[in-house]
Amino acid sequence: MSKKMTPNIIDSTEQYTLPDDPMAVHASREIYFRHLKQDPYGFNNPAYNWSQDTRFALVVGAFYSLVLITVFALANASLIPAFNPITLGLFVFALVGLLIGKCFFSWLVLRWNIKINYVRKLGLRPWKKLIAFVVPLLITKGSTVVTDWIVLFSIQALTGLATEAYWFRRRVPFFAYAYVSWDRLEDRPYSMRYDQLEDFFRFLIYLPFMILFGKSSMIVLIPNLVNQFGDGLAEPVGIRFGKHTYRARAIWYDGKFWAGNFVRSLEGSAAVLLVTLLILAFYSAYFTPTQYIITLVVLPPLMALAEAISPHTGDGPMIALVGCVFLWAVQLV
């Protein structure tokens, strides 16, 4: 028998590694749902090294805790604006809504055999990422905006660790069940780590642009919306209609850098292009006529290209970087 794990067979007598082609689980609906029902939480797969997940959660949790301590210490010393606690209640309400939504979509996945990829991108992802990157911009105002955004983002990241890391899911069945709707089979056991790293680098890119240009700047908002809705559509469109596929690598997979064979499609990239055009239709007033024409011609294919060439689960930071830099540069025209 091969040493590589097939999508639907688990044999405890062998030493397994992760499959070279993690997308093979999508070969058919039968294979996909047999694999999912066999191990819905990923706890029983001998190829998954969950100790790495726990170490990652400890390090990242300590980092965000230190960020919060530092921000509150600086605010207490009046070196930066103080955090506005009113925003916290609205943000917590949004996080609770997300957790309830995850449970509902997990029920849809397990009861009605709907692929995780669909409910994740069409149902959960827009709300989850809007909470992290857009909702804080909508509920904060005045001089505390940057402080509020850093605090709320850190709380969101810590909440993600507390509800999605293996150590907690193994001990809290409710968290394990809720996470089914987010935990793509091809990403296991890296789903939480991929998500945390993508959010961190995306935040790191957006933060200086928000400091320089303000929370309502289209330089920040347009790439955010393209990421949430354009990239959010790319995967389900690609899985359902993608006929022209190409491979993408993950930055880290199976103990190796730039590894794994993940699939994207031209049809999915086209969805990013079309959504970018649609979003730009609502922002014409923010450009001069010349700037708007240049943006309409250049930005949609540029966003599609950024999504296409980025590493697996790394399209968010790439779209943020390319979009923000272009929209800043076009203002100079």
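According to the working numbering, numbering within the sequence shown proceeds without interruption in unit steps and concludes at 1593.
Glycine included, each C-beta is placed from N, C-alpha and C at the ideal position.
Compute the beta-carbon to beta-carbon distance between residue i and residue j, rounded to the nearest angstrom, for a pair I have assumed lies under 8 Å.
i	j	result
Leu1328	Ser1414	5 Å
Leu1382	Pro1496	6 Å
Glu1458	Pro1577	6 Å
Trp1442	Lys1362	6 Å
Leu1533	His1504	Actually they are not in contact, since the Cβ atoms of Leu1533 and His1504 sit about 14 Å apart, beyond 8 Å.
Ile1410	Val1331	6 Å
Counting C-beta neighbours from all protein chains within 10 Å, is the total for residue i 16 or more, i.e. buried, or is it exposed?
i	result
Thr1550	exposed
His1572	buried
Asn1487	buried
Asn1373	exposed
Ser1288	exposed
Tyr1426	buried
Leu1540	buried
Leu1485	buried
Arg1371	exposed
Gly1574	buried
Gly1502	buried
Excluding the 5 residues flanking residue i on each side, which residues of the same chain have their C-beta closer than 8 Å to its C-beta?
i	result
Met1265	Note on Met1265: pLDDT 41, under 50, position unreliable in the model; the coordinate value appears next. Same-chain partners within the cutoff: Tyr1276, Thr1277, Leu1278, Pro1279, Asn1305 and Ala1307.
Glu1446	Pro1282, Met1283, Val1285, His1286 and Phe1522
Suppose the cutoff is 7 Å on Cβ atoms and the five residues either side in sequence are ignored; what does the same chain contact list for residue i look like?
i	result
Ser1529	Ala1494, Ala1564, Glu1567 and Ala1568
Gly1321	Leu1418 and Leu1421
Lys1388	Leu1358
Phe1473	Ile1479 and Val1480
Leu1461	What sits at residue 1461 in the sequence shown is Phe, not Leu. Cβ within range, chain order: Pro1577.
Take residue i and list the residues in its own chain whose beta-carbon comes closer than 6 Å to its own, dropping the five residues that flank it on each side.
i	result
Pro1267	Its pLDDT being 43, under 50, Pro1267 is placed unreliably in this model, and the coordinates cannot settle the point.
Leu1355	Thr1419
Ala1337	none
Leu1334	Ile1340
Please tell me whether residue i has its Cβ less than 7 Å away from any Cβ of chain D.
i	result
Leu1481	Absent from the structure is chain D; it holds one protein chain and no more.
Below 7 Å between beta carbons: does that hold for residue i and residue j?
i	j	result
Ser1366	Val1440	yes
Ile1579	Pro1483	yes
Ala1519	Tyr1301	no
Ile1479	Cys1584	yes
Gly1490	Val1535	yes
Val1406	Ile1471	yes
Gly1492	Pro1561	no
Val1593	Thr1555	no
Arg1448	Asn1377	no
Asn1344	Asp1408	yes
Legend entry - Complete beta strand (DSSP E) runs within the segment 1483 to 1541 (minimum length 3 residues, chain order): 1505 to 1513 and 1516 to 1525
Legend entry - Minimum length 4: unbroken alpha helix (DSSP H) runs contained in the segment 1296 to 1370: 1310 to 1336
Inset, instruction - Tell me the start and end of each unbroken alpha helix (DSSP H) in the segment 1384 to 1441 that is at least 4 residues and wholly inside, in chain order. - result: 1385 to 1393, 1395 to 1399, 1405 to 1424, 1426 to 1431 and 1433 to 1439
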